[in-house]
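The opening position of the sequence shown corresponds to residue 0 in numbering that gives the first Met the number 0, with each subsequent residue numbered one higher.
Backbone N, C-alpha and C define an ideal beta-carbon position, used for all residues, glycine too.
This one's a predicted model, so the numbers in the text were calculated from it and none came from an experiment.
Structure, as structure tokens:
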Amino acid sequence: MQQVAHEAGVSVSTVSKVINGRYGISDITSAHVNDVITRLGYETSLVARSLRNQRTNVIGVLVADFEPFSTEVLKGAADAIRDTDFELVAYSAGGRIGEHVGWERRYLSRLMGTLVDGAVLVTPTVTDVETHGAVVAIDPHTGSTTMPTVTAHNLQGARAGVQHLLDLGHTRIGMVTGRADLVSAQLRERGFRAALEAAGVPVDESLVVRGEFEADVARASARQLLDRPDRPTAVFAASDLMALAVGEVAAELGLAVPEDLSLVGFDNIPESAMSDPPLTTVQQPIREMGRHAVAILIELIEGRQPEDLHHTLGTDLVLRRSTTSPGSPTP
Numbered sequence: 000m001q002q003v004a005h006e007a008g009v010s011v012s013t014v015s016k017v018i019n020g021r022y023g024i025s026d027i028t029s030a031h032v033n034d035v036i037t038r039l040g041y042e043t044s045l046v047a048r049s050l051r052n053q054r055t056n057v058i059g060v061l062v063a064d065f066e067p068f069s070t071e072v073l074k075g076a077a078d079a080i081r082d083t084d085f086e087l088v089a090y091s092a093g094g095r096i097g098e099h100v101g102w103e104r105r106y107l108s109r110l111m112g113t114l115v116d117g118a119v120l121v122t123p124t125v126t127d128v129e130t131h132g133a134v135v136a137i138d139p140h141t142g143s144t145t146m147p148t149v150t151a152h153n154l155q156g157a158r159a160g161v162q163h164l165l166d167l168g169h170t171r172i173g174m175v176t177g178r179a180d181l182v183s184a185q186l187r188e189r190g191f192r193a194a195l196e197a198a199g200v201p202v203d204e205s206l207v208v209r210g211e212f213e214a215d216v217a218r219a220s221a222r223q224l225l226d227r228p229d230r231p232t233a234v235f236a237a238s239d240l241m242a243l244a245v246g247e248v249a250a251e252l253g254l255a256v257p258e259d260l261s262l263v264g265f266d267n268i269p270e271s272a273m274s275d276p277p278l279t280t281v282q283q284p285i286r287e288m289g290r291h292a293v294a295i296l297i298e299l300i301e302g303r304q305p306e307d308l309h310h311t312l313g314t315d316l317v318l319r320r321s322t323t324s325p326g327s328p329t330p
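This is the structure in structure tokens:
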């Protein structure tokens with residue numbers, strides 16, 4: 000502010016009044032000061048703004064790491080703040096080993112009340128966080144909570160994906176599971192098992208392998224699953240990222256997708272449509288989840304009560320070229 004005042008030839012108090020829209024400054028002086036502010040690229044401190052106005056008009060999106068799911072959530076969050084007075088800041092825990100549980104408490108305490116007015120937590124490990132601002136959780140690890148949430152129909156989506164494989168004639172179907180501590184992963188596995196049970200197809204537990212939502216873990220499990228004489232003819236993966244990893248291993252082993260192995264993923268991240276062949280997947284509306292979460296958050300920040308504090312959005316099966324009937328030529 001001192002530099003702006005010096006460049007504009009006015010007092011610091013005049014600059015302060017212009018920035019805060021106070022009375023007593025002529026239009027000519029205000030325009031002159033704003034021109035200098037624009038030329039210097041000056042911006043007020045968020046901390047100073049929050050101390051002065053008790054608001055920063057900034058929303059935080061906190062993620063464990065920047066990966067395809069959280070990136071799509073951020074796109075939806077950006078959609079939601081268009082035509083509002085809010086800004087967006089993304090904050091990542093950096094995927095640090097050893098910080099899988101409880102990272103939200105640490106980062107919320109750093110940001111809330113000084114840098115952001117409220118926060119969206121993406122797949123938080125805990126929901127018993129105490130803050131002085133509004134918080135909304137997307138796909139919380141622990142499932143239901145008193146905290147406002149946005150989730151997808153994980154169980155129904157998984158059932159639809161596996162049912163597609165059953166309808167094609169597959170009965171020897173494997174699964175690459177997600178993280179055991181994440182409710183959405185548990186529901187996807189339940190959907191896998193429910194679809195097989197409803198079809199009267201026994202679950203071969205040796206075909207259910209862990210993937211942890213990590214590509215490297217999924218690759219190791221896929222090799223174990225596919226490099227055997229009685230390998231499955233189809234695999235359902237609890238995420239697209241893992242399904243694509245399974246496809247890579249299949250290619251290394253000389254197996255063609257979908258002629259030798261049908262693949263179904265979950266999420267419909269952009270990479271799934273660009274793979275070779277394009278991946279059949281269960282679409283959860285990730286971008287829409289981000290948009291809904293921020294819309295709820297803005298209502299809470301502005302003191303309004305949202306109609307629904309717990310949104311569960313539908314899923315859809317997206318058919319592409321990674322699935323076909325056992326023994327069929329390329330579709």
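- The DSSP-derived three-state label of Q155 is helix.
- The residue from H169, L224, F235 with its alpha-carbon nearest to that of G199 is H169.
- Counting along the chain, H31 sits inside no beta strand (DSSP E); it lies in the alpha helix (DSSP H) bounded by residues 26 to 39.
- Per DSSP, Q282 is not a residue of any alpha helix (DSSP H); the beta strand (DSSP E) it occupies stretches across 279 to 282.
- Using a 10 angstroms sphere on the CB of N19, the tally of other CB atoms stays under 16, which defines it as exposed.
- As computed with DSSP, V60 is found in a beta bridge with A89, V119.
- Rounded to the nearest angstrom, the gap between the Cα atoms of D84 and V11 is 26 Å.
- A check of alpha carbon separations from L87 across S321, P325, G313, A294 identifies A294 as the nearest.
- Taking 8 Å as the cut-off, the beta carbon of G177 is found no closer than this to the beta carbon of G156.
- Distance from the Cα of W102 is smallest, within the candidate group V115, T124, L186, L114, for T124.
- In the assembly as shown, Y22 is an exposed residue. Its beta-carbon has fewer than 16 other beta-carbons within 10 Å.
- DSSP places I300 inside the alpha helix (DSSP H), whose first and last residues are 285 to 300.
- Look at the stretch 187 to 255 and you find these whole runs of alpha helix (DSSP H), each 4 residues long or longer: 214 to 225, 239 to 251.
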